[in-house]
Amino acid sequence: MFTGIVEELGTVRAIDFPDADADGADAVLTVAGPLATSDARAGDSIAVDGVCLTVTTVADGAFTAEVMPETLRRTTLGGLAAGDWVNLERALPVHGRLGGHVVQGHVDGVATLVRRTPGPRWDDLDFAAPAALTRYVAEKGSIALSGVSLTVTWVADEGFGVSLIPTTLAATTLGGLAPGGAVNVEVDVLAKYVERLLATSKVETTEARS
């Protein structure tokens with residue numbers, strides 16, 4: 001589990017597609033991050049731009065992780081290239097503080113930045129997103145964008161907005177995101193479970209009446 005509090009900006013060293021010609025190919029991602037690798041071991045979880053990945057090797061201040069076809073379809077990781085910056089967060093220790101909100105690293109989809117409005121010390125960002133995502137988004141609720149825990153400022157069927165404080169602008173990739181850029185979106189997991197429970201309850205109630 002993660003909190004959406006980015007620990008450092010990592011640098012993509014390489015992204016390789018061993019079976020590039022295969023249908024539904026996977027990828028091997030190598031990311032440099034001195035803090036993330038300071039205590040990392042094979043089998044550990046690290047969130048890369050909000051995507052929970054399992055470390056396979058650690059060497060020379062970098063780690064590698066395998067990215068499955070489903071992850072490449074659902075997230076922005078397949079579009080990474082050597083030299084790109086990514087947000088990194090190690091898994092939350094049991095004794096750690098939940099500084100953001102409960103983030104699983106299970107990306108639900110992608111949103112696109114359509115407008116960026118600078119303020120005196122902050123930026124307002126407006127994103128376009130499909131209704132399949134925005135149905136789980138609530139004004140003043142929590143959302144994770146490329147692994148960054150943020151508070152929703154507005155929401156509609158076609159998108160939502162967030163505001164970035166100076167720390168977020170300086171310490172994450174969102175600070176340099178330009179209109180047209182894509183972010184990984186993880187909605188609040190509680191919303192998905194509530195919907196699932198309500199749907200199941202409705203079916204059971206209907207069956208009981210029939």
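Per UniProt numbering, the sequence shown starts with residue 1, numbered consecutively.
Even glycine gets a Cβ: it sits at the ideal position worked out from N, Cα and C.
Please read all numbers here as calculations on a predicted model, not as lab measurements.
{"Query": "If you follow the alpha helix (DSSP H) that residue 69 is in, where does it begin and where does it stop?", "Result": "69-74"}
{"Query": "Could you have a look at residue 166 and say whether DSSP puts it in helix, strand or coil?", "Result": "helix"}
{"Query": "Of all the alpha helix (DSSP H) runs that stay within the bounds of the UniProt repeat \"Lumazine-binding\" (1-101), which reach a length of 4 or more residues?", "Result": "69-74"}
{"Query": "Give the range of the beta strand (DSSP E) segment to which residue 113 is assigned.", "Result": "109-118"}
{"Query": "Note down the Cα distance separating residue 37 from residue 151, rounded to an integer number of angstroms.", "Result": "29 Å"}
{"Query": "Any chance the segment 150-165 sits against the segment 67-84, with 3 or more Cβ pairs inside 8 Å?", "Result": "no"}
{"Query": "Name the DSSP bridge partner or partners of residue 149?", "Result": "144"}
{"Query": "For residue 107, which residues from the same chain have a beta carbon less than 7 Å from its beta carbon, with the 5 sequence-adjacent residues on both sides left out?", "Result": "50, 51, 74, 75, 184, 185 and 186"}
{"Query": "Who pairs with residue 182 in a beta bridge, going by DSSP?", "Result": "112"}
{"Query": "I believe residue 136 touches residue 191 by the beta-carbon criterion, under 8 Å. Please report the beta-carbon distance rounded to the nearest angstrom.", "Result": "4 Å"}
{"Query": "Determine, using beta carbons only, whether residue 132 and residue 112 come nearer to each other than 8 Å.", "Result": "no"}
{"Query": "Opposite residue 138 in the DSSP bridges: which residues?", "Result": "BP columns for residue 138 are empty, so no partner."}
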